[in-house]
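Asks: Residue numbers (this note's numbering): 3 to 358.
Using N, Cα and C, we set each Cβ at its ideal position, and we do this for glycine too.
All of these numbers come straight from a predicted model, not from anything done at the bench.
Have a look at this one before I ask anything.
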């Protein structure tokens, strides 16, 4: 319905009716999407062993990155291929394709959706894997409930969730503001911007895969902090005196997008691993806060705020804001690392005393 209202005639509607229909149906589809996504993510999280939560987050992040990159890229390709100049047609055409694609995906996913007996088996396998996790030095599989510092666990989970909200603000701001810079400052056409932004996100996916493959060879804390350092440094390319040409802006997008997502997978994976069933920080509540915070707050507010800062204070103010957001995320990662390190030391000490 929302795509039909975006389309040009034969559906004759006034502009006010069309605008109200687009906003209303988009809000409704967002509510349905958020509910569906939360249920599916909670189900996946509940059947994933704690030691594999970061790996699961990485796979999910790859899917998100591919979607974010292919969206503007595909829209621009459709516009150029069919020579669509009318804005309503350009808005509606990709939507029709996405609606058909979702229907096909539903048909594919339906047969493999787990039934109750299969789900019970997966839950039992997770409980068995978690009970056999006997490495207290692993941040995602800390030995047992009595060896945990409850307050530190809550702090770790909270830091991971809040970092995800900040990361969503960062990546959404980069996408919207970079498009505005390329359009206003460098005079690019919107179709060209879509091609470049989409391509940059797909390149970020390749970089995400390359850097993510190094995680197995690095300490998880070093990996997380190294990504945040690169993320913060990438914002320097946004300053007027540094980013003097479009390639610098695109490079800032690629580096900031991929490294913030990689740090986010580590932080969120740990947050879920620290979740406590039956408490405020259970898996279900973490996902509710995550989806509401990232989608309804960060992704809703970041595009207009980033564009306002860019218009009011110029690229210098925008770059400083993005650098501050990156540093804030890095501080949350540092807090998460310190809390986990303290918990690991306590668990190791407890294990040594038990052995003695």
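Does DSSP put residue 134 in a helix, in a strand, or in coil?
Replies: Residue numbering aside, residue 134 sits at position 132 when the chain shown is read from its first letter. Correct three-state label for residue 134: coil.
Asks: Count the other CB atoms, across all protein chains shown, that sit within 10 Å of the CB of residue 289; report buried if there are 16 or more and exposed otherwise.
Replies: Along the chain shown, one-based indexing puts residue 289 at 287. That one is buried.
Asks: For residue 260, which of 222, 299, 202 has the nearest alpha-carbon?
Replies: The sequence position of residue 260 within the chain shown is 258, counting from 1. Of the candidates 222, 299, 202, the one whose C-alpha sits nearest the C-alpha of residue 260 is 202.
Asks: Checking 7 Å against the spacing of the C-beta atoms, do residue 345 and residue 154 come in under that value?
Replies: Here residue 345 corresponds to residue number 343 of the chain shown, with the count starting at 1. Here residue 154 corresponds to residue number 152 of the chain shown, with the count starting at 1. Yes. Within cutoff.
Asks: Short of 6 Å in beta carbon distance, which residues of its chain neighbour residue 47, apart from the five on each side in sequence? Order them along the chain.
Replies: On the chain shown, position 45 is the one that residue 47 refers to. Cβ neighbours of residue 47 beyond the five flanking positions: 274, 285.
Asks: Three or more C-beta pairs under 8 Å: does that hold for the region 295-308 against the region 203-219?
Replies: No, the region 295-308 is not in contact with the region 203-219.
Asks: Alpha carbons only, please: which of 52, 322, 219, 324 is nearest the one belonging to residue 133?
Replies: Sequence index remark: in the chain shown, residue 133 carries index 131 (1-based). Here the closest residue by C-alpha is 52.
Asks: Specify whether the region 36-46 and the region 95-109 touch according to this definition: at least 3 beta carbon pairs, one from each stretch, less than 8 Å apart.
Replies: The answer is no - the region 95-109 does not touch the region 36-46, with fewer than three Cβ pairs under 8 Å.
Asks: Using only the alpha-carbon positions, how far apart do residue 54 and residue 272 sit?
Replies: Walking along the chain shown from the start, residue 54 turns up at place 52. Walking along the chain shown from the start, residue 272 turns up at place 270. About 10 Å.
Asks: Considering only C-alpha positions, which residue in the set 32, 305, 85, 70 is nearest to residue 193?
Replies: Locating residue 193 in the chain shown gives position 191, where the first residue counts as 1. Considering only alpha carbons, the answer is 85.
Asks: Since residue 269 contacts residue 338 with CB under 8 Å, what's their CB separation in whole angstroms?
Replies: Taking the first residue of the chain shown as position 1, residue 269 is located at position 267. Taking the first residue of the chain shown as position 1, residue 338 is located at position 336. So it is a contact: roughly 6 Å between Cβ atoms.
Asks: Among the candidates 327, 332, 26, whose CA atom is the shortest distance from the CA of residue 172?
Replies: What you label residue 172 is simply residue 170 of the chain shown in a count that begins at 1. Nearest of 327, 332, 26 to residue 172, Cα basis: 327.
Asks: Measure the beta-carbon distance from residue 181 to residue 199 and round it to whole angstroms, keeping in mind my assumption that it falls under 8 Å.
Replies: Here residue 181 refers to the residue found at position 179 of the chain shown. Here residue 199 refers to the residue found at position 197 of the chain shown. With 8 Å as the limit, residue 181 and residue 199 qualify as a contact, their Cβ atoms being about 6 Å apart.
Asks: In the structure shown, what three-state DSSP assignment does residue 258 receive?
Replies: Taking the first residue of the chain shown as position 1, residue 258 is located at position 256. Residue 258: helix per DSSP, three-state reduction.
Asks: Taking 7 Å as the limit between beta carbons, can you name the residues of its chain near residue 18, skipping five residues before and five after?
Replies: On the chain shown, residue 18 is found 16 positions in, with the first residue counted as 1. For residue 18, where only same-chain residues beyond five positions count, there are no Cβ hits under 7 Å.
Asks: Under 7 Å Cβ to Cβ from residue 79, same chain only, skipping five residues before and after it: list those, please.
Replies: Residue numbering aside, residue 79 sits at position 77 when the chain shown is read from its first letter. Here the set comprises nothing.
Asks: Round the Cβ separation of residue 70 and residue 197 to the nearest angstrom and send it over; I've been treating them as touching at under 8 Å.
Replies: Translated into the one-based positions of the chain shown, residue 70 becomes position 68. Translated into the one-based positions of the chain shown, residue 197 becomes position 195. Contact doesn't hold; Cβ gap of about 14 Å is too wide.
Asks: If we count the other Cβ atoms within 10 Å of its Cβ and call it buried at 16 or more, is residue 117 buried or exposed?
Replies: For this step, residue 117 is matched to residue 115 along the chain shown. With fewer than 16 Cβ atoms within 10 Å of its Cβ, residue 117 is classed as exposed.
Asks: Count the other C-beta atoms from every protein chain shown that fall within 10 angstroms of the C-beta of residue 43, then say buried if there are 16 or more, exposed otherwise.
Replies: As a working note, residue 43 is residue 41 in the chain shown. Flag for residue 43 reads buried.
Asks: Taking all protein chains shown into account, decide if residue 245 is buried (16 or more other Cβ within 10 angstroms of its Cβ) or exposed.
Replies: For the purposes of this step, residue 245 is taken as the residue at position 243 of the chain shown. Buried, by the Cβ-count rule.
Asks: How many Å lie between residue 291 and residue 248 at the Cα?
Replies: Your numbering for residue 291 matches position 289 in the chain shown. Your numbering for residue 248 matches position 246 in the chain shown. When rounded, the distance between both Cα atoms is 36 Å.
Asks: Grouping DSSP H, G and I as helix and E and B as strand, with all else coil, what is residue 16?
Replies: Here residue 16 refers to the residue found at position 14 of the chain shown. It is coil, neither helix nor strand.
Asks: Given a cut-off of 7 Å on the beta-carbon distance, is the pair residue 267 and residue 324 in contact?
Replies: Along the chain shown, one-based indexing puts residue 267 at 265. Along the chain shown, one-based indexing puts residue 324 at 322. It is not a contact, given that the beta carbons lie outside the stated cut-off.
Asks: Please list the segments of the alpha helix (DSSP H) lying wholly inside the region 249-315, counting only runs of 4 or more residues, in order along the chain.
Replies: The region 249-315 contains these whole alpha helix (DSSP H) runs: 285-293.
Asks: From which residue to which residue does the alpha helix (DSSP H) around residue 69 run?
Replies: In the chain shown, counting from the first residue as 1, residue 69 sits at position 67. Run containing residue 69: 55-83, per the alpha helix (DSSP H) assignment.
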